[in-house]
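First up is the structure itself, then whatever we jot down about it.
Protein chains: 2
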Amino acid sequence: MNIKEVARLARVSTATVSRTINGSEKVTPETAERVRRAIEELRFFPNTNARALGSGRSSLYGLIISDITNPFFPELVKSFEDIAVQYGQEVLVANTDYDAARMEICVSRMLQRKVDGVAIMTSEMDERLVDEFSSRGIPLVFLDTGILQKGISNIVVDYPAGIDAAVAHLTGLGHTSISFITGPMRLASARSRRRAFIESLERNGIPMEDSLIEEGDHRMEGGHHAMKRLLEHKHRPTAILASNDMSAIGAMGAISELGLSVPVDISVIGFDNIAISAYTQPALSTVSLPRKEIARQAFRALYDTYQSPAPPAGSEYTIAPTLIIRKSTGPAPALRR
Amino acid sequence: MNIKEVARLARVSTATVSRTINGSEKVTPETAERVRRAIEELRFFPNTNARALGSGRSSLYGLIISDITNPFFPELVKSFEDIAVQYGQEVLVANTDYDAARMEICVSRMLQRKVDGVAIMTSEMDERLVDEFSSRGIPLVFLDTGILQKGISNIVVDYPAGIDAAVAHLTGLGHTSISFITGPMRLASARSRRRAFIESLERNGIPMEDSLIEEGDHRMEGGHHAMKRLLEHKHRPTAILASNDMSAIGAMGAISELGLSVPVDISVIGFDNIAISAYTQPALSTVSLPRKEIARQAFRALYDTYQSPAPPAGSEYTIAPTLIIRKSTGPAPALRR
DNA sequence: CTGTTAGCGCGTTCAC
DNA sequence: GTGAACGCGCTAACAG
Chain A
1462 MNIKEVARLA
1472 RVSTATVSRT
1482 INGSEKVTPE
1492 TAERVRRAIE
1502 ELRFFPNTNA
1512 RALGSGRSSL
1522 YGLIISDITN
1532 PFFPELVKSF
1542 EDIAVQYGQE
1552 VLVANTDYDA
1562 ARMEICVSRM
1572 LQRKVDGVAI
1582 MTSEMDERLV
1592 DEFSSRGIPL
1602 VFLDTGILQK
1612 GISNIVVDYP
1622 AGIDAAVAHL
1632 TGLGHTSISF
1642 ITGPMRLASA
1652 RSRRRAFIES
1662 LERNGIPMED
1672 SLIEEGDHRM
1682 EGGHHAMKRL
1692 LEHKHRPTAI
1702 LASNDMSAIG
1712 AMGAISELGL
1722 SVPVDISVIG
1732 FDNIAISAYT
1742 QPALSTVSLP
1752 RKEIARQAFR
1762 ALYDTYQSPA
1772 PPAGSEYTIA
1782 PTLIIRKSTG
1792 PAPALRR
Chain B
1462 MNIKEVARLA
1472 RVSTATVSRT
1482 INGSEKVTPE
1492 TAERVRRAIE
1502 ELRFFPNTNA
1512 RALGSGRSSL
1522 YGLIISDITN
1532 PFFPELVKSF
1542 EDIAVQYGQE
1552 VLVANTDYDA
1562 ARMEICVSRM
1572 LQRKVDGVAI
1582 MTSEMDERLV
1592 DEFSSRGIPL
1602 VFLDTGILQK
1612 GISNIVVDYP
1622 AGIDAAVAHL
1632 TGLGHTSISF
1642 ITGPMRLASA
1652 RSRRRAFIES
1662 LERNGIPMED
1672 SLIEEGDHRM
1682 EGGHHAMKRL
1692 LEHKHRPTAI
1702 LASNDMSAIG
1712 AMGAISELGL
1722 SVPVDISVIG
1732 FDNIAISAYT
1742 QPALSTVSLP
1752 RKEIARQAFR
1762 ALYDTYQSPA
1772 PPAGSEYTIA
1782 PTLIIRKSTG
1792 PAPALRR
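Sequences listed follow chains A and B, in order.
For the first sequence, position 259 matches number 1720 in the working numbering, and the numbering has no gaps at all.
For the second sequence, position 278 matches number 1739 in the working numbering, and the numbering has no gaps at all.
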């Protein structure tokens, strides 16, 4: 089943079939209708591979994420796809599993499929791989990674603002001993969040100590372990800020396992605002990272770059996270007496 | 950049380049090495589209799911992809969002990309669409949907066994008033679970009443609402079985919102065993639906069918869920005095 | 407005 | 073992 058979049945040339499929203006409504009926009758579906080959554009955008198992990402994927579909494009999703070797595979998949652009929502990516794309003129957009070259856009999350809001909320509740559970330190985004935390402490006049910080892995398990270590310190913190919601959820588990209560004994704040955080017990206070907006900006950055005849130098968008207060934060224990 | 340039640099024909790429035996190790170096030097990546066009096989499998936002699915997607990669295949994921119109779009995407097979992990799919695939000889595998034709395989989950284990666990704890939160009734899988529940009640000698069952939507929100309705009944149930973990999590939220406690006042059991269920407060007892096994069976069904010259009639695999007891279930309140 | 035709990049016969 | 040549299904440029 191919365009030729459709052409024969509709008594036109293959070019005309192609034109009607692609919505070209220069086809008489009547012939277009005849073609459409033929397509219908034969239940014909144009071969995407042939299309891409012929036209030189795949109408495919790559989306690289690090862990599809972290609810943050499916929500991002969904938003990205929704927008892409609106623009008649498709999405190829690939996860790196936080692994450099898999990242390499992801990149080669993208290259082989001749994607029209790639959104890299994992912060780790070595320059050699970036080059593979930019040397081929493939637009790129990063989340949080500060590279700015021709054809490379960047989405910058204002971590300081988000973390500051969280810290201010806690200090306002009387907390002076605030700990932080980081993500994996090899991730730039995790390092950014950590840095924002340290700086925020300073701004709030709270002395920073290394013992305040424990490393997690952006998963529940890592948050759980980090929290356990934190609870072993002589001076138990009264509040925890986690680098993402998954870590916070793991931390809350550890807290209640030790017979302590959130928020009575310890307050917890997450980061991301994944859907499930509204349903934890207690509901998690968190800093919201708006996925829809990130997805929209990322897609537009790629789309605009690819469309424009002279690719712009690469643009930068800023995302402002916002604090969402739920039930996992409360007054510092000392104030409760 | 194409195979021709590689051929020129390696001083061979394009055919030889093609052969070495595809690991053909009949290439002298020396020439193969030369070709490989040329590929490396030019950073050449074979064009997937051209490959698929020429060879007639896309090495692509479709995976249709209903809601990527439900953690059950990402875990399934991941397992499926891992296996596919092992076999040198790729995966095209599409979600229907429980929507018939989107299902239609998913199907046409699959058809246009000329996938070598499709795993349909959504239970709803009308026969006309099934026909689009089978008339083209594309292998299909369903989860839970009992169609058995040439080239169509089926993965059957033994719901009765899983639900029975859960109900037995509850009756063993003294519960006699057990409610059920269903999934959306238009889903076959949700209906299967509901039926299994009703039959299990009978087997356990518990009278079935309509007021015992409330409909959710397989999301937290639906579980939340369903639970609220359940709590308004005069005879409050002492135990809840939910059609999936997301519903159970929503239900637990509703319970604690009303000042009740799990498992002291009400026991809750979920279904699926998504990763997060181990980290809820209290940790959720649930019936585990092994994603890895489902993914493996699904992939093998497609792969074997596609490989074999004479497609088998379609096979059937059974998956046995297992009960996992955590902290959300306890003795019925009456027994506590 | 429509038809003809030459590729797109690769796999795959065939000869050699 | 290797090369030349055709075809996969479609788009795009050019005629008409």
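Idealized CB from N, CA, C, for every residue including glycine.
Judged by beta-carbon spacing, A/SER1584 lies beyond the 8 Å limit of A/SER1516, meaning their Cβ atoms are not closer than that value. Taking CB atoms only, B/ILE1710 has a neighbour in chain A less than 8 Å away.
As a beta-bridge residue in DSSP terms, B/LEU1784 pairs with B/VAL1748. Contact between B/HIS1679 and B/GLY1644 holds: their C-beta atoms lie close to 4 Å from each other, under 8 Å.
Of all alpha-carbon atoms in A/LEU1634, A/THR1481, A/ARG1480, the one lying nearest the alpha-carbon of A/PRO1794 is that of A/LEU1634. For the pair A/GLU1593 and B/ARG1504, the CB atoms are nearer than the 8 Å cut-off.
In the DSSP assignment, B/GLU1682 falls within the unbroken alpha helix (DSSP H) covering 1681-1692. Rounded to whole angstroms, A/PRO1532 and A/ILE1735 show a C-alpha spacing of 6 Å.
In summary, A/ILE1786 is exposed, with fewer than 16 beta-carbon neighbours lying within 10 Å of its beta-carbon over all protein chains present. Separation of B/LYS1539 and A/SER1776 (C-alpha to C-alpha, rounded to the nearest whole angstrom) is 33 Å. Taking 8 Å as the threshold, the shortest C-beta distance from A/ARG1656 to chain B does not fall below it. According to the DSSP assignment, B/GLY1523 belongs to no alpha helix (DSSP H) but to the beta strand (DSSP E) extending over 1521-1526. LEU1572, GLN1573, ARG1574, LYS1575: these are the residues of the stretch 1571-1587 of chain A whose beta carbon lies less than 7 Å from some beta carbon of chain B, given in chain order.
Contact between B/ALA1700 and B/ILE1624 fails: their C-beta atoms lie close to 13 Å from each other, not under 8 Å. Sixteen is the threshold: since fewer than 16 other Cβ atoms of the shown chains lie within 10 Å of the Cβ of B/SER1485, the residue is exposed.
For B/THR1583, there is no enclosing beta strand (DSSP E), as DSSP gives it neither H nor E. Judged by DSSP secondary structure, A/THR1790 falls outside any beta strand (DSSP E); it is assigned neither H nor E.
In the DSSP annotation of this structure, A/VAL1546 is not part of any beta strand (DSSP E); the continuous alpha helix (DSSP H) holding it starts and ends at 1533-1547. Closer than 8 Å to the CB of A/ALA1513 there is at least one CB belonging to chain B. In this model, A/ALA1781 and B/MET1707 are separated by some 29 Å (Cα to Cα).
With respect to chain B, the C-beta atom of A/MET1564 has no partner C-beta closer than 8 Å. In the assembly as shown, A/PRO1743 is a buried residue. Its beta-carbon has 16 or more other beta-carbons within 10 Å.
In this structure, the alpha-carbon of A/ALA1657 lies about 54 Å from that of B/GLN1768. Excluding sequence positions up to five before and after A/LEU1750, its CB lies within less than 8 Å of the CB of PHE1533, VAL1618, GLY1623, PHE1732, ASP1733, ASN1734, ILE1780, PRO1782, all in the same chain and listed in chain order.
Within 10 angstroms of the beta-carbon of B/GLU1542 lie 16 or more other beta-carbons, which makes it buried. Around the beta carbon of B/GLY1523, 16 or more other beta carbons lie within 10 angstroms, which makes this residue buried.
Rounded to whole angstroms, A/LYS1753 and A/SER1717 show a C-alpha spacing of 33 Å. In this structure B/LEU1763 is not in contact with B/PRO1621, their Cβ atoms being roughly 27 Å apart against a cut-off of 8 Å. For B/ALA1555, the beta-bridge partners assigned by DSSP are B/ILE1525. Taking 7 Å as the cut-off between beta carbons, the residues of the stretch 1586-1615 of chain A near chain B are GLU1593, in sequence order. Between A/THR1790 and A/ILE1737, the CB-CB gap reaches or exceeds 8 Å. Inclusion of B/VAL1579 and B/ILE1525 in the CB contact set at 8 Å is warranted, their separation being smaller than that value. For B/PHE1641, the beta-bridge partners assigned by DSSP are B/ILE1674, B/LEU1702. With its beta carbon less than 8 Å from one in chain A, B/ALA1736 belongs to the interface.
Remark: C-beta atoms of A/ILE1710 and B/TYR1740 approach each other more closely than 8 Å. Listed along the chain, the chain A residues whose CB falls inside 7 Å of the CB of B/MET1713 are GLN1742.
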